[in-house]
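Accompanying notes for the structure given below.
Number of protein chains: 2
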Amino acid sequence: MSVEHSLDLLWGNGKRPSRGPKPTLTVPQIARAAIEIADAEGLDAVSMQRVAGELGYTTMSLYRYVPSKDQLVDVMLDIVLGEPPAIDHAGAWRAGVQTWVREVWGIYRRHAWLLRLPVSQAPVGPNRAAWFECALRVLSGIGLREDEMVSLSLFVDGATRELARSTADRRQASTSFATMLQRSADAERFPTLTGLLDSGVFDNADDTPDDLAPNFDFGLQRLLDGIEVYVQARREA
Amino acid sequence: MSVEHSLDLLWGNGKRPSRGPKPTLTVPQIARAAIEIADAEGLDAVSMQRVAGELGYTTMSLYRYVPSKDQLVDVMLDIVLGEPPAIDHAGAWRAGVQTWVREVWGIYRRHAWLLRLPVSQAPVGPNRAAWFECALRVLSGIGLREDEMVSLSLFVDGATRELARSTADRRQASTSFATMLQRSADAERFPTLTGLLDSGVFDNADDTPDDLAPNFDFGLQRLLDGIEVYVQARREA
DNA sequence: CTAAAACTGTGTATCAAATACACGAAAATA
DNA sequence: TATTTTCGTGTATTTGATACACAGTTTTAG
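The structure is reproduced here in structure tokens:
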């Protein structure tokens, strides 16, 4: 299975063969070259040819290191995530979650192509595991059951990802979200939408450069409120 | 811009030219054929050749209707969403949101390929607008500001989408999430994760056939709690 | 009513990108 | 030193999107 192979790649289970010439490249090196291309010109610009070219090798040489392009992308994902920060979660779980989210948001911001990857189907590499671990640690010890911690981690992660995506897309879209809707909406069919459009809510929302989109932050705060309530209720029970 | 053209396609701004033979196909018809293929065999099976073949036409004939495959996919998206249900939101916003989510979840369930689309960058078609409208309507009148309603709609939509995705992926993955982690995790590096693994939290979670994944539902409930708290606080202020 | 115009469906051709395969050079081992 | 194994490479195949030009069809101008 390719998953197996990807895992080897990701977790470095490589036994160096004793014979033959030594490899001059490494998988991380290749992945890093690919990441640079993706950062600069988007994921579509990342072809095996291009990556190899950037490294000064031929296309096919890469296949000595990576069994397929998809697997290379898996590696790119894990490498670009990097190590999660050490979040000091002493009691301050709410701040902890926010830090976590902000960090992830920043990564998405710096590497917009990440948002195009089918992350959830990619095999889990060391860094992704570490980020997950980090989230769980932040949430642990505040009175949630284990499965609840997992649920919330996934929920926060998912919301962050998808909101980052829609924010980025709206940012890059030549036609803004508002314009797009404006053009389409007719008042009878979409009264609420039309009302909002007229009120200007959609105009240049999310222009925040590095911070969380206000759109996202509001939802996140409500979620955190909800967790607080739940934890409290549980404690009292 | 292709966005413009897509919008025409989606909203049916087509002025039939007066000259020449009449077209025998229609864009929705083509899209529906493509959807059937995607449902049955996944998005990768949808090639222009295949779609045309299914309709009994040649590959190039499709280009008389659709300027590119990407635009066809945009149309597929809007068509497969269909019309949102009429949610009776008389006061029961919480139930309303849950209904909305459940419906969307069902669509994702029936058309897993939807989760692979870069939805947020696709132009908004009539049905997508209607779903958005529907969500806004459910949230309106409960004491939120307009921009807050928008934020929450996006947040819920995003979380639903990404959680549906990860649930689907885990479902279809031959190697389950647990196994994958099990293989990778080492106890020193990922203590919390390892602990959870041992506790069996990951084993056959989310086997729910049609309902929301419990994983997702928990997060959603917390979010709804949070909204409730917020609305209440606002009312009192 | 006829010719020009515009559009339809089609066949052929191009282009890009992944990747299978086989080769010669290099390194380790017997 | 002969053999084995692996490396980097060149070539070839495949798949899919899509440009382009052609022939038949339907309108409308004149």
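Sequences listed follow chains A and B, in order.
Every position in the first sequence, counted from 1, becomes a number in the working numbering once 2 is added.
Every position in the second sequence, counted from 1, becomes a number in the working numbering once 2 is added.
No residue lacks a Cβ here, since even glycine has one placed at the ideal position from N, Cα and C.
Reference Pro30 (chain A); option with closest CA among A:Arg52, A:Leu79 and A:Gly22: A:Leu79
Taking 8 Å as the threshold (beta carbon to beta carbon), is Ala161 (chain B) in contact with chain A? yes
Can you tell me whether Glu238 (chain B) is buried or exposed, with buried defined as 16 or more other CB within 10 angstroms of its CB? exposed
Can you list the residues of chain B that Tyr232 (chain A) reaches, using a CB-CB cut of under 7 Å? Arg224 and Asp227
With a threshold of 16 other CB atoms inside 10 Å of the CB of Glu38 (chain B), please say whether the residue is buried or exposed. exposed
Report the residues of the region 31-64 of chain B with a CB closer than 9 Å to any CB of chain A, ordered along the chain. none
Interface partners of Asp149 (chain A) on chain B, CB under 7 Å: Within chain B, the residues near Asp149 (chain A) are Val203.
The region 220-233 of chain A in contact with the region 221-232 of chain B per 3-pair CB rule at 8 Å: By the criterion of at least three beta-carbon pairs nearer than 8 Å, the region 220-233 of chain A is in contact with the region 221-232 of chain B.
So which of A:Thr61, A:Leu64, A:Val126 and A:Gly44 has the shortest CA-CA distance to Trp13 (chain A)? Considering only alpha carbons, the answer is A:Val126.
Through-space distance from Leu198 (chain A) to Glu148 (chain B), alpha-carbon basis: 7 Å
Helix or strand or just coil, what does DSSP make of Ala36 (chain B)? helix
Go to Arg71 (chain B), then tell me how far its alpha helix (DSSP H) extends in each direction, as first and last residue. In the sequence under discussion, the amino acid at residue 71 (chain B) is Lys, which differs from the Arg named in the question. Lys71 (chain B) -> alpha helix (DSSP H) spans Lys71 to Leu83.
State the DSSP-derived secondary structure class of Val68 (chain B), mapped to helix, strand or coil. coil
CB Val1 (chain A) to CB Leu116 (chain A), shorter than 8 Å? Residue 1 (chain A) lies beyond the residue range present for chain A, which begins at 3 and ends at 239; the question has no answer from this structure.
Of all the residues that make up the region 122-147 of chain A, which are near chain B by a beta-carbon distance shorter than 8 Å? Ser122, Gln123, Pro125, Val126, Gly127, Pro128, Ala131, Ala132, Phe134, Glu135, Leu138, Arg139 and Ser142
What residues of chain A sit near Asp171 (chain B), judged by a beta carbon separation below 8 Å? Pro120, Ser122 and Gln123
Does any residue of chain B have a CB that is nearer than 8 Å to the CB of Leu79 (chain A)? No, Leu79 (chain A) does not count as interfacial toward chain B.
Using a threshold of 8 Å, state whether the C-beta atoms of Arg163 (chain B) and Glu6 (chain A) are closer than that. no
Enumerate in chain order the residues of its own chain whose CB-to-CB distance from Arg236 (chain B) is below 6 Å, with the five nearest sequence positions on each side excluded. Gly145
Measure from the alpha carbon of Asp72 (chain B) to the alpha carbon of each residue in B:Arg96, B:Ala33 and B:Thr60, then state which is nearest. B:Ala33
Is Glu150 (chain A) helix, strand or coil when you go by DSSP? helix
Rounded C-alpha distance that separates Thr181 (chain A) from Leu195 (chain A): 13 Å
Asn217 (chain B), buried or exposed, once every other Cβ within 10 Å from all chains shown has been counted against 16: By the neighbour-count rule (16 or more Cβ atoms within 10 Å), Asn217 (chain B) is buried.
Roughly how many angstroms separate the alpha carbons of Asp219 (chain A) and Asp200 (chain B), rounded to a whole number? When rounded, the distance between both Cα atoms is 34 Å.
Which complete alpha helix (DSSP H) runs does the region 81-118 of chain B hold, if anything under 4 residues is left out? 95-112
Considering only residues of the same chain and omitting the five flanking positions on each side of Arg118 (chain A), which have a CB-CB separation below 8 Å? If we look at Arg118 (chain A) and ignore the five residues flanking it on each side, its Cβ neighbours are Leu45.
Let's test the definition: count the other Cβ atoms within 10 Å of the Cβ of Gln100 (chain B) and tell me whether it reaches 16, buried, or not, exposed. With 16 or more other Cβ atoms within 10 Å, it is buried.
Taking just the CA atoms, how far does Tyr65 (chain B) sit from Pro19 (chain B)? Annotation: Pro19 (chain B) to Tyr65 (chain B) spans about 16 Å, alpha carbon to alpha carbon.
Can you look up Asn217 (chain B) in the DSSP assignment and give me helix, strand or coil? helix
Name, going along the chain, the residues of the region 90-122 of chain B whose beta-carbon falls closer than 7 Å to a beta-carbon of chain A. Arg118, Pro120 and Ser122
Note the first and the last residue of the continuous alpha helix (DSSP H) segment covering Leu195 (chain B). Pro193 to Ser201
Under the three-state reduction of DSSP, which class applies to Asp227 (chain A): helix, strand or coil? helix
Let's test the definition: count the other Cβ atoms within 10 Å of the Cβ of Pro86 (chain B) and tell me whether it reaches 16, buried, or not, exposed. Counting the other CB atoms within 10 Å of its CB gives Pro86 (chain B) a total of 16 or more, which places it among the buried residues.
Other residues of its chain near Ser155 (chain A): CB distance less than 8 Å, five sequence neighbours each side excluded: Phe134, Ala137, Leu138 and Leu141
For chain B, find out if any of its Cβ atoms is closer than 8 Å to the Cβ of Gly84 (chain A); answer yes or no. no
Restricting to Cα atoms, I'd like to know which of B:Val158, B:Tyr59 and B:Arg172 is closest to Asp205 (chain B). Minimum Cα distance to Asp205 (chain B) is reached at B:Arg172.
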